[in-house]
Each structure stands twice: as C-alpha cells, then as structure tokens.
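Input: a single structure, listed below in structure tokens.
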Amino acid sequence: MKLRAVISFLAIIFSVVGVCAEIVRHHFGVADGLSNEHVRHIMQDSNGYIWIATWSGVDRFDGYSFINFRTYADDSVRLDHNRVERLAEAPDGGILLKTYTGRVYLLDTAYGSFSLASPSDSAAFDSMSVLHNTRVSASLSEYRSDNRLRLVDADGNIWEASPDGGIDCITEAPAAFRFIESNPLNSEGRDIHVVYAAPDGILWTASRDTRVTLYDRNGMFIGNLAPDGRIVADPSLPFGRRVYAIIADDRGRIWLGTKQKELVVLTPAKSGRYVVESYIESDTPGALNCGDIYGFAPDARGDMWLATFGKGVAKAVADSAGRMKFLFPRSYDISAAPRVRCLTLTESGIMVGATTSGVLAFDPHASDPDRIRFSYHAADPECKGSLSNNDILGVLSSQSGAVYFAAFSGGLDSVASASDLIGPNTCFGNRSVRTGLDADPVLSVVQDCDGDFWLASRASSSWEHKATYNAGNAGREFILTEAAPQLLDGFRIAFGMRGGVLIVDPRRFSDTPMPRLAVTAVDTNEGHIYTLPSDSTIVLSRGHGDVSLHFAALAYGANGNITYGYRINGADSRWISIGKNRSLHLSGLPSGINRIEIYWTDPYGRLTDNPVRIAIEVPRSYREIAGDIAITLLAAIALAAVAFMLRREMSRRRRKATLEHYIALALFPDTELRRSDDTGTMTGVCAQVGRMYTDSTLKAESISRELGLGRSELRRHVKDVISVSLEDFIRLVRLRAAGRLLAEGKLNVAEVAYRCGFSSPQYMAMLFKEHTGMSPSKYADSQCKKNVSN
5 MKLRAVISFL AIIFSVVGVC AEIVRHHFGV ADGLSNEHVR HIMQDSNGYI WIATWSGVDR
65 FDGYSFINFR TYADDSVRLD HNRVERLAEA PDGGILLKTY TGRVYLLDTA YGSFSLASPS
125 DSAAFDSMSV LHNTRVSASL SEYRSDNRLR LVDADGNIWE ASPDGGIDCI TEAPAAFRFI
185 ESNPLNSEGR DIHVVYAAPD GILWTASRDT RVTLYDRNGM FIGNLAPDGR IVADPSLPFG
245 RRVYAIIADD RGRIWLGTKQ KELVVLTPAK SGRYVVESYI ESDTPGALNC GDIYGFAPDA
305 RGDMWLATFG KGVAKAVADS AGRMKFLFPR SYDISAAPRV RCLTLTESGI MVGATTSGVL
365 AFDPHASDPD RIRFSYHAAD PECKGSLSNN DILGVLSSQS GAVYFAAFSG GLDSVASASD
425 LIGPNTCFGN RSVRTGLDAD PVLSVVQDCD GDFWLASRAS SSWEHKATYN AGNAGREFIL
485 TEAAPQLLDG FRIAFGMRGG VLIVDPRRFS DTPMPRLAVT AVDTNEGHIY TLPSDSTIVL
545 SRGHGDVSLH FAALAYGANG NITYGYRING ADSRWISIGK NRSLHLSGLP SGINRIEIYW
605 TDPYGRLTDN PVRIAIEVPR SYREIAGDIA ITLLAAIALA AVAFMLRREM SRRRRKATLE
665 HYIALALFPD TELRRSDDTG TMTGVCAQVG RMYTDSTLKA ESISRELGLG RSELRRHVKD
725 VISVSLEDFI RLVRLRAAGR LLAEGKLNVA EVAYRCGFSS PQYMAMLFKE HTGMSPSKYA
785 DSQCKKNVSN
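Going by my numbering, the final residue of the sequence shown carries number 794, and the count climbs one at a time with no gaps.
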C-alpha cells in the first residue's frame with residue numbers, strides 16, 4: 005500500500021478571498037545564525053552555496069545554517085578589516101573578498117584560512133563575474149524591488165539585503181499547493197470544517213460562522229449561499245445556519261446537515277438559485293427526531309441515510325405528497341452509538357459509520373428498516389484486536405475493499421473487508437506512531453485514483469517511506485481541520501484548513517528540480533574541513549577509522565522535509581535511512597578504500613537517481629602490519645612444513661617401491677630389474693636370498709661369503725639401497741612367500757612355515773599378524789573366499 009501524508013502546523017488567519025500569492029518571503033537574521041545584520045554583498049558560488057559579506061566577516065549559507073569566516077588576533081594571516089564589502093569566486097577555487105579598506109584576500113573554503121590574494125586576482129577582482137542566474141522563476145517575474153543588494157540564484161530565487169537588517173529570500177510558492185483563502189466573520193469562523201466536491205465540479209465549503217461558500221473546479225470563488233437560496237458574490241454573506249455536512253443526491257439536490265436541529269434540502273431552480281426546503285427537529289413520528297446531522301450517505305437504491313449526533317442513523321424517504329419523512333430504525337441501539345459522525349457505503353453494500361463510541365455497520369437495503377441488524381464495535385482494553393480508540397472521525401472504503409478508520413489519537417485502524425464488520429468478533433489492524441505513522445491524531449484519510457492514501461493530521465505523519473507535506477515544503481504554515489478530504493478530478497485533493505481550503509496536486513511535485521547535495525563539513529581526528537571538493541578522497545591517519553560527514557541538499561525555497569540515507573561499499577549493501585539528519589558518523593572503518601554513497605530526496609519525497617559518492621581511505625595500522633608480517637611468517641613456516649612432509653612421504657613411497665621390487669626379484673628371478681644396481685650387489689643378494697630363504701639357518705654370513713663381501717659392508721649396502729636390514733629383508737621375503745602358499749590353500753600353516761624357512765609355525769604366525777594384521781589361518785580363509793567369488 006502506498007501512503008502520503010498531509011500535515012498541519014501553526015494557525016494563520018487570512019483576510020483576503022481568492023488564491024494566495026505565488027511569492028514566499030523567507031527572512032534570515034542574527035537569530036537565525038547570520039553573523040551580523042549589516043549585509044554588504046550576496047553571491048552564489050559554483051557549488052551552490054550562498055555567500056554573504058557582512059560587517060563581521062563572510063557567512064556561508066546552505067539553506068539550513070550559517071558558517072562564519074573571519075580572522076582573530078592569534079591568526080597567522082589576519083584581515084585588515086572584518087568588514088567585508090564585496091565577494092567573488094576565484095578562478096581556481098576559493099572566495100575572493102574585498103574588505104572595507106579595499107584590500108583583496110582569498111578564503112580557502114576547505115580549511116577556513118585567509119591569505120592575501122595574488123596580484124592578478126586583486127587587479128581583476130572588480131571585473132570578475134559573480135555567479136548568478138539573471139532570469140528569475142516564472143512566478144517571480146512580476147516581483148519588483150529597487151534593492152541594489154540583490155542576487156538571483158541558479159534556481160531563480162531572489163536574495164536581497166533586508167532594509168531592517170539581515171537577508172530575505174524570495175521564492176515561488178510550490179506549484180503543487182494551492183491555498184484558497186477564506187474571509188471569516190469572526191474567530192470561530194476560521195476553520196473550514198466541511199468540504200464537498202459535487203458531481204458538477206462545484207466545491208462547497210462551510211464554516212462555523214454559518215457561511216456556505218462555493219468555488220469552481222479551479223478554486224475560483226463563485227459566491228456564498230444566501231438564506232433564500234441565491235448564490236451571491238459576497239464572501240462575507242452568512243447562510244444563517246451552522247452547516248456540518250453537505251452532499252448531492254441523484255436528483256441534483258443539495259442536502260445540508262446542520263448543528264441547529266435542522267435539515268436543509270436545496271433544489272436547483274432557474275437563474276442559478278435554489279429552492280430552500282427545511283425540516284426542523286420534532287418528536288412527531290415520521291419527523292426529524294434528531295436535527296443535528298453530521299453526515300449523509302445514499303444507499304444502492306438512492307435512498308439517503310443520515311448520521312445524527314444524538315439518535316444514531318435515520319433513513320429519509322418521500323411520502324405520497326412528496327414530503328420527506330424520516331425512519332429511525334427501532335432495532336438501533338441508541339445507547340451503543342448515539343452520536344454518528346459520518347456514514348460510508350462500501351463496495352460490498354455494507355453501510356459503515358464513524359461514531360464517538362466506535363464503529364457501526366449494517367446492511368441498509370432491508371425492506372423494513374426496523375428489522376435491520378446493526379453491529380457495534382468499540383475499543384476493549386482486554387482485547388488486542390479491538391479498535392485502538394472509540395473516537396472515530398472518518399471512514400474510507402478503499403479500492404481493494406479494505407475499510408480504514410481515522411481513529412484520532414489511536415492512529416489508523418482497518419479491516420480487510422466491510423463484511424468483517426457484520427458480527428461481534430471483528431479483528432482490527434492498526435497503524436500508529438509505533439508502527440509507521442510519523443504522528444497522530446489522524447483526522448481523516450482519503451485514497452486518490454493512483455491508489456495512494458492521504459492522511460490529514462495536526463502533526464507530522466508518514467507511512468511506508470512516502471512524503472510528508474507541511475510548512476516544510478508547502479511554502480507556508482497551515483492547520484488542517486476534521487473536514488473529510490475530497491477528490492477533485494481524481495488527482496487533486498481538497499482539504500479543509502484553518503482560514504480556507506488547501507488543494508494539493510501531486511502531479512506538480514515533479515515540477516520542482518532535484519536539489520544538489522553538498523558535503524558541508526568533514527570531521528576527522530586530524531581536524532575539521534569546511535567543504536569537500538568533488539572527486540576527492542578523504543585520507544584518515546593511520547590507526548584511526550572514525551570520520552563524521554555533514555551534508556545538505558541545497559534547496560533554499562522549501563527544505564524542511566528532505567530526508568537522507570547512505571550505504572557503504574557497493575551496490576550489494578543495503579541503504580540505511582537517517583531521516584532528516586544531515587550528519588553521518590562512521591566509526592571503525594576497515595583499512596583500505598571505503599566507498600560511501602549518500603542519497604537524498606526532494607522536499608516531496610522523490611528519491612535522487614544520482615547519489616553522491618565519497619571515498620574514505622583508511623591506512624593500515626601498525627598492529628595490522630605486524631599481524632600481516634606474523635601471518636606471512638606463519639604461512640612460510642606452514643609451507644616449509646608441508647614441503648618437508650611431502651618430500652618425506654615421496655621418499656617413503658620410493659623406498660617402499662624399491663623394497664617391493666627387490667622382494668619380487670628374490671622370489672621371482674625372472675622379474676625385470678627396474679632399479680639401478682651399479683655394483684650388482686643387491687641383485688646378488690636377491691639371488692642368494694631367493695635360493696636359500698627356505699633354510700631356517702640362513703644367516704648374513706652365508707650370503708656375504710657367497711658374494712665375497714665382508715658382513716658389515718654387505719649390511720651397509722643393503723640398508724642404503726632398501727632402507728631395511730638384511731635380516732629384515734630375509735624375513736619379508738619369507739612372509740611374502742608364505743602369503744602366496746596360504747592363498748593357494750594346498751598346505752596347512754605348519755607346512756607353510758617350515759617350507760618358507762621359519763623356525764616354528766608360532767614364530768611365523770607372530771610375524772605374519774604383525775605384517776598383515778591377521779593370523780595365517782584367517783588370511784588363508786579370506787583368500788579362499790575371494791578365489792571362490794572370482
């Protein structure tokens with residue numbers, strides 16, 4: 005759901021009938037932050053700032069606050085006079101200024117320091133052009149002033165030195181807001197508490213001083229309703245009755261409900277006047293039993309229902325003579341909801357009413373009104389889903405079928421469908437300041453043709469990131485009343501307010517250009533910078549990751565409702581809204597380049613499509629550098645350890661492969677020699693072991709004797725080649741031979757042991773289990789099963 009909010013602030017009394025002026029004047033003086041009331045020159049620089057030369061130095065204005073630049077006694081470079089007469093923007097940046105004595109200085113706008121201007125800048129100062137737009141905005145084209153201290157800025161606003169001190173900014177009134185001013189007869193008549201847009205385009209309004217005023221579809225005054233039904237072009241003419249409700253029926257008649265125990269029906273006649281028919285409160289059956297009427301609503305058959313402030317609801321029907329009679333249903337419980345403010349017929353045909361006691365609902369189309377079943381709903385502190393507040397000011401039947409209730413201090417209540425209101429156990433949803441609304445009480449709610457919801461309140465309010473409309477962007481202060489807003493041609497919305505009528509045209513919001521954003525200051529541990537040039541990088545000192553950014557959208561006409569947000573390091577990070585806050589403090593930024601994006605809206609909630617990007621470089625701290633060195637050293641040690649382990653594993657595998665090769669060579673003399681044996685010694689050892697391993701008395705001395713080598717020399721050579729001793733090599737050959745015989749299954753364990761040269765079966769079994777992990781018998785069984793399966 006989309007929502008817009010319209011808000012009111014302080015009261016303004018209007019005395020002129022018609023459309024208000026298109027010009028808004030904003031005054032700024034010492035109370036607003038200007039350093040001195042005496043203004044000598046005004047200019048705008050290429051960044052959009054307004055600069056003011058005063059008797060107390062130079063002021064920079066961003067639309068929100070003034071910053072003063074001048075020199076003091078302990079400054080290294082001092083102005084010879086803080087009274088500044090004229091300003092100009094230097095060609096290479098900075099602000100040139102001429103003091104009272106005629107000397108020209110250069111202000112460094114980033115650091116706020118002064119220096120003497122160069123001879124060339126001083127010579128050219130008087131001829132330098134001050135940046136401004138010579139064309140004012142369209143609505144200011146007729147503005148006339150003989151003020152010589154005048155600037156037209158880039159947006160067409162006019163800046164002038166005020167005769168009474170300070171400066172004035174003259175802007176055009178926002179085109180989206182049109183104020184129709186009233187002419188109250190007394191203070192009580194200031195509030196327009198009824199606004200009604202008739203099907204013929206006429207806008208009817210009523211105030212408490214008994215005036216009923218008509219405007220055309222463009223908001224131009226037509227006339228006031230006279231007591232005899234004439235429309236008279238006199239804005240002060242009273243109707244004589246305090247009208248609280250207005251509606252037109254399908255016959256073109258205008259019904260006026262009053263708070264003076266009277267119903268008035270106006271029937272169109274010739275010559276633009278109306279025939280006035282009056283119904284006075286009476287206790288007679290069929291008469292108007294309660295004449296205080298706050299609302300009307302026709303049902304699907306065209307019959308008019310009245311919301312009375314004392315006896316509930318009534319149905320108006322014509323008798324045989326054409327006179328109106330009024331049926332107050334006997335089934336209505338007056339004690340449950342005596343005071344009904346308004347009635348609304350929903351799309352489902354259910355009539356819903358707002359009362360001072362909650363909400364009522366009923367089907368108005370029963371043939372006998374006395375048999376209508378009414379449902380009443382009130383706030384119940386013990387029930388979580390009940391109404392938030394019993395004081396209901398308005399009802400809206402939305403395009404989706406949901407029904408919304410302006411619950412005054414309770415916020416905005418709702419049900420998914422009007423049919424949910426028929427019956428006692430209805431669960432209401434609620435929106436309040438805790439769940440999205442900026443403020444309450446909510447006076448009324450209306451939905452435009454685009455599906456946007458508009459809320460009227462006496463305090464700021466918004467919902468689902470839509471904009472707030474108030475003195476901050478409407479160009480002036482205003483207070484809205486409880487009058488139900490009216491749609492004009494589907495787009496414009498008319499609101500009753502104190503002193504007149506406000507017409508809002510949302511289509512005109514886009515007429516306002518998007519203001520530019522300026523970074524107005526940067527605070528780091530090293531100091532303060534007054535502005536940040538575009539495409540520059542903020543470099544923080546080592547070991548510090550904190551920075552404060554200050555910024556402003558330079559909208560000088562209306563900037564009260566501009567909001568801001570940011571995100572850090574790329575499109576994948578989420579936007580963080582900071583509302584109207586124009587400062588951002590970032591702490592603990594990681595080392596490296598941090599990219600900050602700042603977005604902002606215009607005064608009417610439109611989001612910029614070109615966020616400002618700021619780069620912040622955080623050097624690596626000494627701790628991080630030491631950590632990097634430690635990590636590098638640890639990584640090097642780890643790599644060396646891994647390399648050592650890999651080399652050792654590869655060596656082990658090579659030794660194992662060599663050993664396996666020579667075992668095979670000992671058992672199978674025909675095995676191809678794949679290892680180099682330069683001396684032939686190892687080949688001889690294999691031959692001798694292969695020939696004599698079956699002899700249990702085989703010793704190293706026998707082999708060395710056969711090879712003609714000394715025993716120690718032979719053992720050393722075998723150890724160097726296969727990394728095991730000669731005795732271990734003999735045992736491994738015997739075990740490999742035993743494994744082959746066990747796998748064949750032709751001999752038992754004892755026979756295998758003796759055939760392979762072991763001194764006993766027990767000794768072989770012990771060695772075999774150490775080598776293979778299982779006993780010889782189990783090994784023989786496993787090999788037998790494997791042979792069978794194959």
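Even for Gly, the Cβ is constructed at its ideal location relative to N, Cα and C.
Since the model is a prediction, treat every value here as computed from it, not as a measurement.
Residues bridged to residue i [DSSP beta-bridge criterion]
i           : result
residue 737 : BP columns for residue 737 are empty, so no partner.
residue 654 : None, per the DSSP bridge assignment.
residue 285 : 292
residue 598 : 620
residue 747 : The partner list for residue 747 (beta bridge, DSSP) is empty, contrary to what the question assumes.
residue 27  : 176
residue 64  : 55 and 71
7 Å Cβ cutoff met for residue i and residue j
i           : j           : result
residue 4   : residue 340 : The requested residue 4 does not occur in the structure, where the chain is confined to residues 5 to 794.
residue 69  : residue 39  : no
residue 394 : residue 361 : yes
residue 100 : residue 125 : yes
residue 239 : residue 214 : no
residue 412 : residue 445 : yes
residue 500 : residue 485 : yes
residue 557 : residue 506 : no
residue 304 : residue 347 : no
residue 408 : residue 449 : yes
residue 570 : residue 588 : yes
residue 64  : residue 84  : no
residue 618 : residue 600 : yes
Buried or exposed (CB count within 10 angstroms, at least 16 for buried), residue i
i           : result
residue 397 : buried
residue 784 : buried
residue 762 : buried
residue 212 : buried
residue 79  : exposed
residue 466 : No answer about residue 466 holds up, because its pLDDT of 41 lies below 50 and its placement is not dependable.
residue 279 : exposed
residue 88  : buried
residue 220 : exposed
residue 672 : exposed
residue 790 : exposed
residue 474 : buried
residue 180 : buried
residue 635 : exposed
residue 46  : buried
Span of the beta strand (DSSP E) around residue i
i           : result
residue 228 : 225-229
residue 410 : 407-410
residue 48  : 43-48
residue 272 : 266-272
residue 102 : 99-103
residue 449 : 446-451
residue 521 : 521-528
Range of the contiguous alpha helix (DSSP H) that encloses residue i
i           : result
residue 542 : No alpha helix (DSSP H) holds residue 542; the beta strand (DSSP E) holding it covers 541-543.
residue 774 : 765-776
residue 477 : 475-478
residue 387 : Taken as a continuous stretch (DSSP letters only), residue 387 belongs to no alpha helix (DSSP H), as it is neither H nor E.
residue 123 : 123-128
residue 694 : 685-696
Candidates the options, of which the one nearest residue i by Cα
i           : options               : result
residue 518 : 351, 570 and 611      : 611
residue 690 : 726, 658 and 122      : 726
residue 547 : 415, 771, 595 and 615 : 595
residue 730 : 655, 788, 716 and 418 : 716
residue 498 : 580, 62 and 196       : 196
residue 295 : 318, 633 and 782      : 318
residue 538 : 216, 616, 554 and 527 : 616
residue 811 : 553, 572, 581 and 573 : Because the chain here runs from 5 to 794, residue 811 falls outside it and cannot be looked at.
residue 337 : 374, 262, 403 and 115 : 374
residue 67  : 45, 36 and 754        : 36
Proximity test, residue i beta-carbon vs the ligand NAP heavy atom, cut-off 6 Å
i           : result
residue 565 : Here there are no bound small molecules, and the ligand NAP is not part of this structure.
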